[in-house]
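Structure, as structure tokens:
There are 2 protein chains.
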Amino acid sequence: MNVWYTEEHTPGVRLSMKIEQHLYSGQSEFQKIDVLQTTEFGKLLTLDGLVMLTEKDEFIYHDMIVHVPMATNPNIKKVLVIGAGDGGTVRELTKYETIEQIDMVEIDKMVVDVCQEFIPLTASKLTDPRVNLFFEDGLKFVRTKENEYDLIIVDSTDPFGPGEGLFTKEFYGNCYNALNEDGILVNQHESPFYAEYALSMQRAHNRIVEFFPNCHVYQAHIPTYPSGHWLFGFASKKFDPIKDLDVAAWNALDLKTKYYNTEIHVGSFALPNYVKEQLEDAE
Amino acid sequence: MNVWYTEEHTPGVRLSMKIEQHLYSGQSEFQKIDVLQTTEFGKLLTLDGLVMLTEKDEFIYHDMIVHVPMATNPNIKKVLVIGAGDGGTVRELTKYETIEQIDMVEIDKMVVDVCQEFIPLTASKLTDPRVNLFFEDGLKFVRTKENEYDLIIVDSTDPFGPGEGLFTKEFYGNCYNALNEDGILVNQHESPFYAEYALSMQRAHNRIVEFFPNCHVYQAHIPTYPSGHWLFGFASKKFDPIKDLDVAAWNALDLKTKYYNTEIHVGSFALPNYVKEQLEDAE
Chain A
1 MNVWYTEEHT
11 PGVRLSMKIE
21 QHLYSGQSEF
31 QKIDVLQTTE
41 FGKLLTLDGL
51 VMLTEKDEFI
61 YHDMIVHVPM
71 ATNPNIKKVL
81 VIGAGDGGTV
91 RELTKYETIE
101 QIDMVEIDKM
111 VVDVCQEFIP
121 LTASKLTDPR
131 VNLFFEDGLK
141 FVRTKENEYD
151 LIIVDSTDPF
161 GPGEGLFTKE
171 FYGNCYNALN
181 EDGILVNQHE
191 SPFYAEYALS
201 MQRAHNRIVE
211 FFPNCHVYQA
221 HIPTYPSGHW
231 LFGFASKKFD
241 PIKDLDVAAW
251 NALDLKTKYY
261 NTEIHVGSFA
271 LPNYVKEQLE
281 DAE
Chain B
1 MNVWYTEEHT
11 PGVRLSMKIE
21 QHLYSGQSEF
31 QKIDVLQTTE
41 FGKLLTLDGL
51 VMLTEKDEFI
61 YHDMIVHVPM
71 ATNPNIKKVL
81 VIGAGDGGTV
91 RELTKYETIE
101 QIDMVEIDKM
111 VVDVCQEFIP
121 LTASKLTDPR
131 VNLFFEDGLK
141 FVRTKENEYD
151 LIIVDSTDPF
161 GPGEGLFTKE
171 FYGNCYNALN
181 EDGILVNQHE
191 SPFYAEYALS
201 MQRAHNRIVE
211 FFPNCHVYQA
221 HIPTYPSGHW
231 LFGFASKKFD
241 PIKDLDVAAW
251 NALDLKTKYY
261 NTEIHVGSFA
271 LPNYVKEQLE
281 DAE
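Here the protein sequences line up with chains A and B, keeping their order.
Its first residue numbered 1, the first sequence is counted upward by one per residue in full-length UniProt numbering.
Its first residue numbered 1, the second sequence is counted upward by one per residue in full-length UniProt numbering.
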């Protein structure tokens, strides 16, 4: 069978993956959920037809969204994760014995159920006793919290559909209030390469800098995401992701990571000139 | 018209670009040459049906293959470029007034002719008076040179077809001899992400480390290349690309670059753990 999944990354650009089997297809209250077995990338999770993760390259995204803030402040104990129904972000967080509580707020319980059944590679640590799952709107959840978290990770879908409210000024302001004075916010920041993604990235950055005194952007290569060039926003009340990185402390943890190390932590904050200009234009 | 160009990046993975017009198609002694007008990427040059460059993302490749060695040793005066018929590497080199001579050896004159006609964005500086064009086999050309160049840039196609000999031990040994004691070699190094490309990269790295005392690998995001995650090999007789980088001197040149800056120079040498392991396995 010659069956291909195709995503339009921008008008006139498509990435296609050969499919061996369509393992699951369902419609939740919020979105269409599919799991496909690909030839090259292992299992593929799509929401409303867009790639969320593949088993072959998810380690890059999850390493970079978790270990950069964790290595910046090794005293992080209480974490809020918004979105991330596949469980990959929580999996990386549970590697830290020092973390005491992980609240994960995912609007769509069916995403978690499907990933627990079909993608244990990312979902298997959602049963860690430190993890509390809340199936509700992250936007509303964070409104009720004040001075509570050391770290908030916004592991959202793109800013259309269910993820839309997570790219608003109100949301980032509420995140600021939900963080304590050591607080760090990490936001999946879209791509700088195609115009409509760059616009989302600039909008998110522009809103975050209104609240946080320290804002930085870092990058990674994620082959199955549009253009492969992906950004993350790092914002904090007092930590600097380079100056406060404690290389020896992180290495002493002896965590196994396939992408992240402390050199790439530092290197990932060096951005191409055109991306720096996009960020300056946004501010 | 709904016409698409598709490249198979690895079995089961395809990148497709919408085509507005097929501007040129010809067969040289060595390969099939095509220029297509795409919707998103401007003009696209393919050789034997594989992407060589697009106008939208060529700046990333050419910035990184040229400015990393030039910023490491600002005294580079005599450069040998092997391959690179599109002219993009030479264009970046001609920005340096301190360079006195650029010998470019391209096996296929028709590539240069086609790029001069259809892709002036990259080819327009091939007429710079410092540039000498040699239409011959780079492998043979470099055999005849000794202690002559400050910098050799191997801007080859993939190591199959005409580019094959450029990934051999004999070739890298001849490059070593053709370089003077300040000599730097930069090699386009393929991608670490898909198995067959990673193997080429490991083979090239393995051969280069046999000759050069200082070998390093650096990376960039090039969206239209397989996986978008691309590597370059930096090898030299005495220069270290980080310790010898003179940030102030390079910034004083005030060159306009869309991707390269001295922070990304340093950051690009920080590699993911899995790539570091591939390189260790290769040595």
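All C-beta atoms, glycine included, are put in the ideal place defined by N, C-alpha and C.
Note that this is a predicted model, so its numbers are computed, not measured.
Cα-Cα separation, residue i to residue j
i: R91 (chain A); j: Q219 (chain A); result: 21 Å
i: K237 (chain A); j: V66 (chain A); result: 18 Å
i: L47 (chain B); j: I264 (chain A); result: 34 Å
i: V142 (chain B); j: Y149 (chain B); result: 10 Å
i: N214 (chain A); j: Y96 (chain B); result: 37 Å
i: H62 (chain B); j: E40 (chain B); result: 19 Å
i: L36 (chain B); j: L23 (chain B); result: 5 Å
i: N177 (chain A); j: I184 (chain A); result: 11 Å
i: H205 (chain A); j: P272 (chain A); result: 16 Å
i: I107 (chain A); j: L133 (chain A); result: 10 Å
i: I242 (chain B); j: E280 (chain B); result: 20 Å
i: H229 (chain A); j: H9 (chain A); result: 12 Å
i: G12 (chain B); j: S227 (chain A); result: 18 Å
i: I119 (chain B); j: K43 (chain B); result: 7 Å
i: R203 (chain A); j: E210 (chain A); result: 11 Å
i: M17 (chain A); j: T38 (chain A); result: 6 Å
i: T94 (chain A); j: D128 (chain A); result: 7 Å
i: K276 (chain B); j: D246 (chain A); result: 21 Å
i: V51 (chain A); j: I60 (chain B); result: 25 Å
i: Y259 (chain A); j: F239 (chain B); result: 27 Å
i: residue 320 (chain A); j: H221 (chain A); result: Beyond the ends of chain A as shown, which are 1 and 283, falls residue 320 (chain A); an answer cannot be given.
i: L45 (chain B); j: E117 (chain A); result: 45 Å
i: T144 (chain A); j: T54 (chain B); result: 49 Å
i: P69 (chain A); j: E100 (chain B); result: 47 Å
i: N73 (chain B); j: T257 (chain B); result: 18 Å
i: D182 (chain B); j: L80 (chain B); result: 14 Å
i: residue 330 (chain B); j: L151 (chain B); result: Any property of residue 330 (chain B) remains undetermined from this structure, which presents chain B solely from 1 to 283.
i: K77 (chain B); j: I33 (chain B); result: 32 Å
i: E7 (chain A); j: G49 (chain A); result: 7 Å
Under the three-state DSSP convention, the category residue i falls into
i: K43 (chain B); result: strand
i: A220 (chain A); result: strand
i: E58 (chain B); result: helix
i: E277 (chain B); result: helix
i: M17 (chain A); result: strand
i: N214 (chain A); result: strand
i: A252 (chain A); result: helix
i: V35 (chain B); result: strand
i: residue 342 (chain B); result: It is not possible to answer for residue 342 (chain B), since the shown part of chain B is limited to 1 through 283.
i: I153 (chain A); result: strand
i: I242 (chain B); result: coil
i: M1 (chain A); result: coil
i: I82 (chain B); result: strand
i: E92 (chain B); result: helix
i: A270 (chain A); result: coil
i: E29 (chain A); result: coil
i: residue 294 (chain B); result: In the structure as shown, chain B starts at 1 and stops at 283, and residue 294 (chain B) therefore has no counterpart that could be examined.
i: E136 (chain B); result: coil
i: V209 (chain B); result: coil
i: T262 (chain B); result: helix
i: T257 (chain B); result: coil
Near the ligand NAD: residue i beta-carbon under 6 Å from a heavy atom
i: M110 (chain A); result: Of the ligands one can find in the structure shown there are none, so the ligand NAD has no counterpart to examine.
Interface flag, residue i vs chain E, CB-CB below 7 Å
i: N147 (chain B); result: Given the protein chain composition of this structure (A and B), no chain E is represented.
Can you check the region 155-201 of chain A for any alpha helix (DSSP H) of at least 4 residues that lies completely inside it and give the ranges in chain order? Along the length of the region 155-201 of chain A, whole alpha helix (DSSP H) runs at least 4 residues long occupy 169-178, reported in chain order.
Mind the definition here: the region 225-234 of chain A touches the region 244-261 of chain A only if three or more C-beta pairs lie below 8 Å; say whether that holds. no
Could you say if the region 103-120 of chain A and the region 263-278 of chain A meet the contact criterion of at least three C-beta pairs nearer than 8 Å? no
Could you say if the region 191-200 of chain A and the region 19-32 of chain A meet the contact criterion of at least three C-beta pairs nearer than 8 Å? no
Would you call the region 149-156 of chain B and the region 82-91 of chain B in contact, with 3 or more CB pairs under 8 Å? yes
Contact between the region 198-215 of chain A and the region 172-190 of chain A (3+ Cβ pairs under 8 Å): Enough Cβ pairs lie closer than 8 Å, so yes.
Counting only runs of 4+ residues fully inside the region 102-134 of chain B, write out the alpha helix (DSSP H) ranges in chain order. If we require 4 residues or more, the alpha helix (DSSP H) runs fully inside the region 102-134 of chain B come out as 109-118, 120-123.
On the three-pair Cβ rule with 8 Å, is the region 164-180 of chain B touching the region 128-143 of chain B? yes
Closer than 8 Å, Cβ to any Cβ of chain A: which residues of the region 12-33 of chain B, in chain order? G12, V13, R14, L15, S16, M17, K18
At a Cβ cut of 7 Å, what residues of the region 63-87 of chain A count as close to chain B, listed as they run along the chain? none
Give, in chain order, every residue of the region 269-281 of chain A whose Cβ lies closer than 8 Å to some Cβ of chain B. F269, A270, L271, P272, N273, Y274, K276
Contacting positions in the region 226-253 of chain A - beta carbon closer than 8 Å to chain B: S227, G228, H229
Output needed in chain order: residues of the region 196-223 of chain B with a Cβ under 9 Å from some Cβ in chain A. Q219, A220, H221, I222, P223
Residues, ordered as in the chain, of the region 116-137 of chain A that lie near chain B by beta-carbon distance below 7 Å: none
Please identify, using Cβ separations under 8 Å, the residues of the region 92-115 of chain A that lie next to chain B, in order along the chain. none
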